[in-house]
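A short worksheet on the structure shown next.
Protein chains: 2
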Amino acid sequence: MATIKDVAKRAGVSASTASRAMHGSSMISKPTRDKVVKAARELNYAPDFNAQNLATKASNTIGVVLPVDHHEIFSNPFFLEMIRGINQVCSQNGAMTTLATGISSEELVHNIDVMIAQGHIRNFILLYSEKNDPVVTRLNHFDVQYVVIGKPYQEVNRTSYVDNDNIQAGTDATQYLIDHGHRKICFLYSDLTKMVQSDRILGYQRAMMQKQLPSILLGERFENHAAGVTALKKFFKAHPDVTGFVAVDDMLALKLQQVLHNDPDWKVRQFSLIGFNNSIFSDLAHPTLTSVAVFPQRLGEEAAKIVMADHPADELTTAVIVPHQIIERHSVHPIASLK
Amino acid sequence: MATIKDVAKRAGVSASTASRAMHGSSMISKPTRDKVVKAARELNYAPDFNAQNLATKASNTIGVVLPVDHHEIFSNPFFLEMIRGINQVCSQNGAMTTLATGISSEELVHNIDVMIAQGHIRNFILLYSEKNDPVVTRLNHFDVQYVVIGKPYQEVNRTSYVDNDNIQAGTDATQYLIDHGHRKICFLYSDLTKMVQSDRILGYQRAMMQKQLPSILLGERFENHAAGVTALKKFFKAHPDVTGFVAVDDMLALKLQQVLHNDPDWKVRQFSLIGFNNSIFSDLAHPTLTSVAVFPQRLGEEAAKIVMADHPADELTTAVIVPHQIIERHSVHPIASLK
DNA sequence: ATTTTAATTGCAAGCGATTGCATAAATTTT
DNA sequence: AAAATTTATGCAATCGCTTGCAATTAAAAT
Numbered sequence: 001m002a003t004i005k006d007v008a009k010r011a012g013v014s015a016s017t018a019s020r021a022m023h024g025s026s027m028i029s030k031p032t033r034d035k036v037v038k039a040a041r042e043l044n045y046a047p048d049f050n051a052q053n054l055a056t057k058a059s060n061t062i063g064v065v066l067p068v069d070h071h072e073i074f075s076n077p078f079f080l081e082m083i084r085g086i087n088q089v090c091s092q093n094g095a096m097t098t099l100a101t102g103i104s105s106e107e108l109v110h111n112i113d114v115m116i117a118q119g120h121i122r123n124f125i126l127l128y129s130e131k132n133d134p135v136v137t138r139l140n141h142f143d144v145q146y147v148v149i150g151k152p153y154q155e156v157n158r159t160s161y162v163d164n165d166n167i168q169a170g171t172d173a174t175q176y177l178i179d180h181g182h183r184k185i186c187f188l189y190s191d192l193t194k195m196v197q198s199d200r201i202l203g204y205q206r207a208m209m210q211k212q213l214p215s216i217l218l219g220e221r222f223e224n225h226a227a228g229v230t231a232l233k234k235f236f237k238a239h240p241d242v243t244g245f246v247a248v249d250d251m252l253a254l255k256l257q258q259v260l261h262n263d264p265d266w267k268v269r270q271f272s273l274i275g276f277n278n279s280i281f282s283d284l285a286h287p288t289l290t291s292v293a294v295f296p297q298r299l300g301e302e303a304a305k306i307v308m309a310d311h312p313a314d315e316l317t318t319a320v321i322v323p324h325q326i327i328e329r330h331s332v333h334p335i336a337s338l339k
Numbered sequence: 001m002a003t004i005k006d007v008a009k010r011a012g013v014s015a016s017t018a019s020r021a022m023h024g025s026s027m028i029s030k031p032t033r034d035k036v037v038k039a040a041r042e043l044n045y046a047p048d049f050n051a052q053n054l055a056t057k058a059s060n061t062i063g064v065v066l067p068v069d070h071h072e073i074f075s076n077p078f079f080l081e082m083i084r085g086i087n088q089v090c091s092q093n094g095a096m097t098t099l100a101t102g103i104s105s106e107e108l109v110h111n112i113d114v115m116i117a118q119g120h121i122r123n124f125i126l127l128y129s130e131k132n133d134p135v136v137t138r139l140n141h142f143d144v145q146y147v148v149i150g151k152p153y154q155e156v157n158r159t160s161y162v163d164n165d166n167i168q169a170g171t172d173a174t175q176y177l178i179d180h181g182h183r184k185i186c187f188l189y190s191d192l193t194k195m196v197q198s199d200r201i202l203g204y205q206r207a208m209m210q211k212q213l214p215s216i217l218l219g220e221r222f223e224n225h226a227a228g229v230t231a232l233k234k235f236f237k238a239h240p241d242v243t244g245f246v247a248v249d250d251m252l253a254l255k256l257q258q259v260l261h262n263d264p265d266w267k268v269r270q271f272s273l274i275g276f277n278n279s280i281f282s283d284l285a286h287p288t289l290t291s292v293a294v295f296p297q298r299l300g301e302e303a304a305k306i307v308m309a310d311h312p313a314d315e316l317t318t319a320v321i322v323p324h325q326i327i328e329r330h331s332v333h334p335i336a337s338l339k
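Protein chains in written order, with full-length UniProt numbering: chain A, 1 to 339; chain B, 1 to 339.
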């Protein structure tokens, strides 16, 4: 493995000159810079990561924090997409990423503690956002900068984040059904404590209100088929003429679809569905599911860009909103309705 | 951030003594060791990651290589599960993990090149295995140790790996159907070039052969509903009396199920299905899908354990087989058949 | 032609830890 | 009680790189 001294020797200069030349310092003359760069290339030189970080006291690795392990979360391809985005821009900027995981909140915090204590993490990116997150508390306590993907709950004005405009996405999805002639539209959610869900509901309500249509909410997880059937039976009793559903995510939409399709009464009616996330489920459904894409990879990229920009501590925080987009498939059917 | 000198000063000893004490060197007396450890705890000391690695010239981070980006791959929750397993045992051993990704083979190789050149990666873990992998070539060239998850293609005798016994898994899945009275069983696959698939087929064939039953293979991706219907029509013409399917993975099983369920002719017959991977799809199906679980997290853990063990270069390689397990749900129906 | 100023380069210290070797203290041995 | 060991500790060099400052050289000004 070539060191800076090897490069220096080969270029016939001192190590310090070589170092400066490699960094494009203005105090090095063009000819020597060229000599050094050439030598470096010939030796396949790359500065030793640890030595460099030690000398500059400026670490170059980004800690990516996954939410506490939970099967549901880990089977969500979202995270990997975000990671891919982060890694993409990090490696373009010569930074590394390292993961923080834990099977419990305590373990995760502990792991983060040692990462901080070892002092080689420049910044953190949190792939999630939740209320009273001990990780956030920890990071604030040690005064470590971080970016969250999602809407921050704590220190809202002091934390940078990147997120979708979920309210708008909710409105757009609903409007899409309205545009296709639907008037009796139900919003299906599974967990009100998640801000993504409540935001999308808000957006749905806004769209409905604008058209003076009543909001119809349904909270149901479809944990199993029977439970789903029961819930829907009850639901249709109260709202017999619903024609469209906005489901808070594709998985829920797919579950709903399964239930609707396997019931002799319901399957003859042609319901329209729209989901969110444009996940793999949308292609698995039959008919394939129209869905609002939210581009997790972009979220990751933007988060990484913020981190890479390396703002001064006193600068205002950054918030980036990644646009969404409706991906049209075959689960929304137009209905002729009176204006 | 406390340094070893701070600890030393507080304990009233020299830095070298402090360092040795922290490492439990036998040349340090009990009382001083205690003093040092106490001081370290009080100062919340953790050795600086970069300094330590620089001094010992022994890096402590593991590079985790994801396959080249490809939507299909990134939407597969498998990888994240493996990563979780890896991270789990790495952090228990005080090691870090860092990810290598790339949107093209070239980019991935390049990223790995710089990681190697920067000299701070101890070992790599490849989360995949494929023929003529340029990454493997690279790692061999630089003589960097690595472990692959899956069956190695190159340098088979010189590389450690962890994998499932996919042949056996194929046999077991098939046998499960046979035990439920099925005799006309079809194996459904999507990509013969993948060793997982060909191995599972082999296992299937072994089980069938043992019972003197003929193998019935069907290669179909179900890219869309119509294509699926066509393929199945043709298939059933040739094999009208098939009652059970072994699908090479859950997603394919789910797609098959969708097609079967949405056709008036087929839906009245009660086919039995078994899939692989026990993925989230198995719970989404209706009826829920019986599936062979393969425990990706365990795969990750075992891979990390091999890496952590830090075998001498001349030692024999390690191969770990992670057991699989059939998770019974509701997609396999017994049929009364004559012995 | 001499002095000033500007442009380059190298010396050496330091980042925070580890470790071979010398030294000091404690313990045995004679 | 002096010498020989054994046991504990500290000094100083080192890992590879960066950077303040002094030193050298070249260019410009007088």
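We treat Cβ as the ideally placed atom computed from N, Cα and C, and that holds for glycine.
Contact between Asp250 of chain B and Ser282 of chain B holds: CB atoms are separated by about 5 Å, below the 8 Å threshold. Residue-level contact by beta carbon holds for Ala51 of chain A and chain B, with a gap shorter than 9 Å. With respect to the C-alpha of Ile178 of chain B, the residue from B:Met209, B:Asn224, B:Asn140, B:Thr101 having the closest C-alpha is B:Met209. Contacts between Phe187 of chain A and chain B, judged by CB atoms closer than 9 Å, are missing: the closest CB pair is about 21 Å apart. Assignment of beta-bridge partners to Asp163 of chain B by DSSP yields B:Ile321. One alpha carbon belongs to Asn166 of chain B, the other to Lys233 of chain B, and they sit about 29 Å apart.
With the rule of 3 Cβ pairs closer than 8 Å, the region 13–23 of chain A counts as touching the region 35–44 of chain A. Nearest to Asn132 of chain B by alpha-carbon distance, out of B:Asn93, B:Thr193, B:Asp241, B:Thr97, is B:Thr193. Residues of chain A whose Cβ lies closer than 7 Å to the Cβ of Ser331 of chain B do not exist, since the nearest Cβ in that chain is about 12 Å away.
Residue contact with chain B for Met96 of chain A: present (Cβ-Cβ distance below 9 Å to some residue of chain B). Contact check for His180 of chain A against Gly244 of chain A passes: the beta carbons are separated by less than 9 Å. Ser279 of chain B sits in coil when the DSSP states are folded into three classes, being neither helix nor strand.
Shown here, Val242 of chain B sits in coil according to DSSP, grouped into three states, outside any helix or strand. Boundaries of the alpha helix (DSSP H) around Phe79 of chain B: 78–92. The three-state reading of DSSP puts Asn123 of chain B in strand, counting E and B together. When the Cα atoms are used, Val156 of chain A and Val65 of chain A turn out to be separated by approximately 19 Å. Boundaries of the alpha helix (DSSP H) around Ala207 of chain B: 195–210.
Closest in C-alpha terms to His182 of chain A, from the list A:Thr174, A:Tyr189, A:Leu188, comes A:Thr174. By the beta-carbon neighbour count (other beta carbons within 10 angstroms, threshold 16), Gly119 of chain B is buried.
Under a criterion of Cβ atoms nearer than 9 Å, the residues of chain A adjacent to Val114 of chain B are, in order, Ala46, Ser91, Gly94. Using a Cβ-Cβ distance cut-off of 8 Å, the region 87–94 of chain A and the region 90–109 of chain B are in contact, since at least three pairs of beta carbons, one from each stretch, lie closer than that value. DSSP lists B:Gln325 as the bridge partner or partners of Ala293 of chain B.
Within the region 138–194 of chain B, the complete alpha helix (DSSP H) runs of at least 4 residues fall at 166–179. Taken atom to atom, the span from the alpha-carbon of Thr159 of chain A to that of Phe49 of chain B is near 27 Å. With a threshold of 16 other beta carbon atoms within 10 Å, His286 of chain A meets it and is buried.
In the structure shown, Gly219 of chain B falls within a strand segment according to DSSP collapsed to helix, strand and coil. Annotation for Lys184 of chain A: Asp241, Val242, Thr243 place their beta carbon closer than 6 Å to its own, counting only its chain and skipping 5 residues before and after. Going by DSSP, Met22 of chain B is part of the alpha helix (DSSP H) stretching over 15–22.
According to DSSP, Ile306 of chain A shares a beta bridge with no other residue. Counting along the chain, Ala100 of chain B sits inside the beta strand (DSSP E) bounded by residues 96–100. Burial check for Ala336 of chain A: the Cβ neighbour count within 10 Å stays below 16, so the residue is exposed.
Here Leu316 of chain A carries a coil assignment [DSSP, helix/strand/coil]. Under the Cβ criterion of 9 Å, Ala100 of chain B is counted among the residues facing chain A.
In the three-state DSSP reduction, Ala247 of chain A falls in the strand class (E or B). B:Ala304 is the residue among B:Ile321, B:Ala253, B:His330, B:Ala304 whose C-alpha sits nearest the C-alpha of Val147 of chain B. In the three-state reduction of the DSSP assignment, Thr32 of chain B falls in the helix class, which pools H, G and I.
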